[in-house]
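Worksheet: the structure to be examined is printed underneath.
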Amino acid sequence: MLPRRKNPVEAPPPACPIGECMKVIGGAWTPNIIWFLSRRPRRFSELKEDIHGISAKMLTTRLKQLESRGVVIREVMPTSPPSVEYRLTELGAELKPAIEAIVRVGHRLKERG
């Protein structure tokens, strides 16, 4: 029998930051929403059009979750009729490099087929 080797990697802290981040970006469609908001604020209808296949109900749910976690700001515009724009907070903008890295790896995985 082979001797069991000790893992040289430190155990993550009890409130693991990786887990906290994955709670935010791990939901279906969430990376897509962050991706499209990363360039500029978008209205609901624009996001719905940007993200092919997402239902209005799912988009609403994800935007509310992101807003409650401090990733997205919902701003009612003083127009007639009133419109709503969504934009990333400073915290939300910090997620963009992580999503870009995931996209790069995703392209490499697709190439390997």
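Residue numbers (the UniProt record's numbering): 1 to 113. Note that CB positions come from ideal geometry on N, CA and C, so glycine has one too. Predicted model only: the values in this text are computed from it and were never measured.
Exposure of G70 is indicated by the presence of fewer than 16 other C-beta atoms within 10 angstroms of its C-beta. For I73, no alpha helix (DSSP H) run applies; the uninterrupted beta strand (DSSP E) run containing it begins and ends at V72 to M77, by DSSP. If only uninterrupted beta strand (DSSP E) runs of at least 3 residues are considered, those enclosed by the UniProt domain "HTH hxlR-type" (16-113) are 72-77 and 83-88. Comparing alpha carbon positions, the residue from K64, R5, I25 and A28 closest to F44 is K64. If the five residues before and after K96 are omitted, its C-beta is found closer than 6 Å to the C-beta atoms of S38, all from its own chain and listed in chain order.
Distance from the CA atom of W29 to the CA atom of K6, rounded to whole angstroms, is 38 Å.
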